[in-house]
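K.L.:
Protein chains: 2
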Amino acid sequence: MSDVRRARAALSRLVEPGDKAVHALVGEVGPVEAVERICAGRGTYARFGARVRTLDTGRDLATAAKVGARLVVPGDDEWPERLDDLPTPPFCLWVRGPVPLGEALGRSVAVVGARIASSYGEQLAAELAAGLATRGWTVVSGAAFGIDAAAHRGALAVDGATVAMLASGVDRVYPAAHSRLLARIAETGAVVSEVAPGCAPMKSRFLQRNRLIAAATRGTVVVEAGLRSGSRNTVTHASELARPVGAVPGPVTSMSSAGCHQEIRDGRATLVTSADEVIDLVGDLGQDACEPARGPVAAGDALLPRDAAVLEALPYRGGLDLERVVALTTLPPLIVRAALTRLELEGLAETDGTTWRKRRSRTAHAVVQ
Amino acid sequence: MSDVRRARAALSRLVEPGDKAVHALVGEVGPVEAVERICAGRGTYARFGARVRTLDTGRDLATAAKVGARLVVPGDDEWPERLDDLPTPPFCLWVRGPVPLGEALGRSVAVVGARIASSYGEQLAAELAAGLATRGWTVVSGAAFGIDAAAHRGALAVDGATVAMLASGVDRVYPAAHSRLLARIAETGAVVSEVAPGCAPMKSRFLQRNRLIAAATRGTVVVEAGLRSGSRNTVTHASELARPVGAVPGPVTSMSSAGCHQEIRDGRATLVTSADEVIDLVGDLGQDACEPARGPVAAGDALLPRDAAVLEALPYRGGLDLERVVALTTLPPLIVRAALTRLELEGLAETDGTTWRKRRSRTAHAVVQ
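Chains A and B, in that order, give the protein sequences.
Everything in the first sequence is counted per the numbering used here, starting at 1 for the first residue and increasing by one.
Everything in the second sequence is counted per the numbering used here, starting at 1001 for the first residue and increasing by one.
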């Protein structure tokens, strides 16, 4: 293993994600020299002393190997280039799972939300994720309870690609109840972390993990979020990175949707109701654009207003002459005559030569779409 | 009664709402001369012949008087000036009810929606209307089944002002099942129409009635609407008049909310979840603005990120010295020391002089708001 890879692995153990000072140092002198200075422990780097004393990158690499995790560093084929949009991109990523990470994240959407979710939210998250996965999009989430887990499961259910970004080392199972879920994700997709194997999940690491989820994906969808849900932190990161954000609405009586509604009101998120609308939001213009939602189209829907008024005046039985239709609609006779002709051509009206009536037809009431 | 009033009453019987040609004529020669020309029936005005033959304005005025309705024309004190924003304002209004119409509509919101509404939608419409009415806003709707009726009822339930705009004459009860509802509105608010007493409700009149609702109010809120709901027509009118439009979200699994979601996605409507948010949307800036929705605030919420990281590192029992906190957080000692001082001052941490720990306090977990 190259010195650079080893140094980056060491940094992921020594330094908290998002540490601007060390990031600037790495930018200045490179990772190998940066690790040397941190380990020397002089001046501002004394704060890393306790971690330097227990640093054992060989052990971390061995732990990774034991759980089938590999080290991915900037410059590797599978490095997700989108992460370089971050002010403080990860020093490296630890990755468990068969998918080439960069490729999988190329067309990816973050599906996130509250841990305390309603069954409405969980079902939607699963459906949305399944829909996205079916259309070839990778579903990225945080493997937490609630919306996160539902999203991963939705993608897995259709044999889709899904990536879990953890706040702890990739060898750790958090929450413990998701042991089987994480194993399944690692079998077919990827379990990813920027902190070294063995590292514990901590609040600050969850917040930094959220920035990874936002940065690694083309856009983020919040399915359910209370006003104080951590998933709104992911939205903040996505907004800062100018990634599109979608939010799924729900009943206004449900506090689980209040955060989503607030994001939409604040203009930080676009209201989305389906996988197609999510892809419309995050996908490439043209290639991925979806049709706006429409109700069923009935024959006669596209009529000019005056033609519609004339049609409305006609009876199904008997018939009305031109003068009578003029009287009912108060439209000029020329307009009524032209409207009757158009309605006849479209099969909506019929005439005996003197009077007109509505034409009963199967298509007139059929739902075209 | 002046000739002008009588002429406007006649126009409301002879001419369909929104007839641009007659509107232009009235603008040119005034209502009296316009009625004379229409009654002469020459040229383009022949189309009104059938109605001219049965015109009896005295009878219409008598019918109005019988149901306690009055004629309101432009220039009257209670003429709602906002209607003059319309390209084709009504020739007059027929009004049943004790409220001075212009004043009641001064602070008014249209609350509209689907006739086929869910119980979620109806309950919300009633709550929203009650909230608006309680805050002194007049609730305007169309007296239809579903959302409209729920909105009127919500306002009536808190003795608030509510105005029903009809597509038929004010003496007609449509739908028939709303006889009691319309009577209650007429007792305390106002039942209004721009077509003469006796006129039947027709599809084209419903569409024109929707333009009145949009024009007469400061803004429109759609509570529930399918993709093809007529209430979206009201939204179109409101948008064209540059009146603010709000839409209430709902479950994406409910087709009754699909039209609302689409309006929000199209940027024609702002997502609203409460009466306060509606008033924020349609009210005067400053005077009526509402606070954004917030979750409960816990002590420590406003902490600097580094203070929060330090607080997270502290135990409840025992204590950690400065060096240990530095080791756990990898923050520079100066920053850790400053953070500990701030946390102590805020009552979130305590110290024995050498070590620090979290302070258990009632306020630390109390919900402040």
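Beta carbons: idealized from backbone N, C-alpha and C, even for Gly.
Please read these numbers as outputs of a predicted model, since none were measured by experiment.
Would you mind telling me which residues of chain B sit closer than 7 Å to serine 204 of chain A, beta carbon to beta carbon, in chain order?
P.N.:
Ala1309, Glu1312
K.L.:
Hey, does histidine 453 of chain A have any beta-carbon neighbour from chain B nearer than 8 Å?
P.N.:
The shown model of chain A, from 1 to 369, leaves out residue 453 of chain A, and the question about it has no answer.
K.L.:
Report buried or exposed for leucine 345 of chain A, applying the criterion of at least 16 other Cβ atoms within 10 angstroms of its Cβ.
P.N.:
exposed
K.L.:
Taking CB distances under 8 Å as the criterion, tell me whether proline 1332 of chain B reaches chain A.
P.N.:
yes
K.L.:
Threonine 1341 of chain B touches chain A at which residues, Cβ-Cβ below 8 Å?
P.N.:
Ordered by position in chain A, no residue passes the 8 Å Cβ test against threonine 1341 of chain B, which lies about 18 Å from the chain.
K.L.:
Give the straight-line distance between the Cα atoms of glycine 283 of chain A and serine 1118 of chain B, rounded to the nearest whole angstrom.
P.N.:
34 Å
K.L.:
At a CB distance below 7 Å, what residues from the segment 116-134 of chain A approach chain B? Give them in sequence order.
P.N.:
Against chain B - using a Cβ distance shorter than 7 Å - the residues of the segment 116-134 of chain A are Tyr120, Leu124.
K.L.:
Buried or exposed for serine 2 of chain A, please, with buried defined as at least 16 other CB atoms from any protein chain shown within 10 angstroms of its CB.
P.N.:
exposed
K.L.:
Assign threonine 330 of chain A to one of three DSSP states: helix, strand, or coil.
P.N.:
coil
K.L.:
In this structure, how does DSSP classify arginine 1232 of chain B when only helix, strand and coil are distinguished?
P.N.:
Helix at arginine 1232 of chain B.
K.L.:
Check whether the Cβ atoms of glycine 267 of chain A and proline 244 of chain A sit closer than 8 Å, and answer yes or no.
P.N.:
Contact: no.
K.L.:
Spell out whether any CB of chain A is found under 8 Å from the CB atom of threonine 1057 of chain B.
P.N.:
False, the Cβ-Cβ gap to chain A never drops below 8 Å.
K.L.:
Under 8 Å between beta-carbons, which chain A residues line up against arginine 1178 of chain B? List them in chain order, please.
P.N.:
This sequence places histidine at residue 1178 of chain B; arginine is not what is there. In chain order: nothing, as chain A lies at least about 22 Å away.
K.L.:
Contact criterion: CB-CB distance below 8 Å. Does glutamine 1208 of chain B meet it with respect to chain A?
P.N.:
no
K.L.:
For arginine 1059 of chain B, tell me which candidate among B/Ala1010, B/Ala1034, B/Ala1293 has the shortest Cα-Cα distance.
P.N.:
B/Ala1010
K.L.:
Given glutamine 208 of chain A, which residues of its chain have a CB within under 7 Å of its CB, disregarding the five upstream and five downstream residues?
P.N.:
Pro17, Gly18
K.L.:
What residues in its chain sit with their C-beta under 6 Å from that of alanine 238 of chain A, if we drop five residues either side in the sequence?
P.N.:
Ala214, Thr220, Val245
K.L.:
Look up aspartate 1321 of chain B in the DSSP assignment and say whether it is helix, strand or coil.
P.N.:
strand
K.L.:
What's the gap between the Cα of alanine 144 of chain A and the Cα of alanine 130 of chain A?
P.N.:
18 Å
K.L.:
Distance check for serine 274 of chain A and histidine 365 of chain A, CA to CA, integer angstroms please.
P.N.:
Any reading at histidine 365 of chain A must be qualified, since the residue scores a pLDDT of 40, below 50, and its modelled position is unreliable; no value is offered.
K.L.:
Classify lysine 1020 of chain B: buried if its beta carbon has 16 or more other beta carbons within 10 angstroms, exposed otherwise.
P.N.:
exposed
K.L.:
State yes or no: is the C-beta of arginine 1371 of chain B within less than 8 Å of the C-beta of leucine 1331 of chain B?
P.N.:
Residue 1371 of chain B lies beyond the residue range present for chain B, which begins at 1001 and ends at 1369; the question has no answer from this structure.
K.L.:
Judging by CA-CA distance, which residue of B/Lys1203, B/Leu1241, B/Val1109, B/Val1052 is the nearest neighbour of valine 310 of chain A?
P.N.:
B/Lys1203
K.L.:
Drop a sphere of 10 angstroms on the beta-carbon of proline 1031 of chain B, count the other beta-carbons inside from all chains shown, and report buried for 16 or more, exposed for fewer.
P.N.:
buried
K.L.:
Since alanine 1186 of chain B sits in a beta bridge, which residues does DSSP pair it with?
P.N.:
Note: alanine 1186 of chain B sits in no beta bridge, so no partner.
K.L.:
Using a Cβ cut-off of 7 Å, pull out every chain A residue sitting near alanine 1258 of chain B, in sequence order please.
P.N.:
Ala293
K.L.:
What is the DSSP secondary structure of threonine 270 of chain A, counted as helix, strand or coil?
P.N.:
strand
K.L.:
Verify the CB distance criterion: does leucine 322 of chain A have a CB-CB separation below 8 Å to chain B?
P.N.:
no
K.L.:
Got a sec, what are the start and stop residues for the alpha helix (DSSP H) serine 1119 of chain B sits in?
P.N.:
For serine 1119 of chain B, the enclosing alpha helix (DSSP H) starts and ends at 1119-1134.
K.L.:
Consult DSSP for serine 1257 of chain B and reduce its assignment to one of helix, strand or coil.
P.N.:
Correct three-state label for serine 1257 of chain B: helix.
K.L.:
For a contact meaning CB atoms closer than 8 Å, what does valine 248 of chain A contact in chain B?
P.N.:
Residues of chain B whose Cβ lies closer than 8 Å to the Cβ of valine 248 of chain A are, in chain order, Val1252.
K.L.:
Among A/Asp84, A/Gly68, A/Ala242, A/Ala69, whose alpha-carbon lies nearest the alpha-carbon of glycine 75 of chain A?
P.N.:
Closest in C-alpha terms to glycine 75 of chain A, from the list A/Asp84, A/Gly68, A/Ala242, A/Ala69, comes A/Asp84.
K.L.:
The alpha helix (DSSP H) with arginine 153 of chain A in it runs from where to where?
P.N.:
147-157
K.L.:
Would a check of beta-carbon distances place glycine 1049 of chain B closer than 8 Å to chain A?
P.N.:
yes
K.L.:
Apart from the five residues just before and just after arginine 1265 of chain B, which ones in its own chain have a Cβ nearer than 6 Å to its Cβ?
P.N.:
Result list for arginine 1265 of chain B: empty, nothing under 6 Å.
K.L.:
Would glutamate 16 of chain A pass as an interface residue toward chain B - the criterion being a Cβ-Cβ separation below 8 Å?
P.N.:
Closer than 8 Å to some Cβ of chain B, the Cβ of glutamate 16 of chain A qualifies, so yes.
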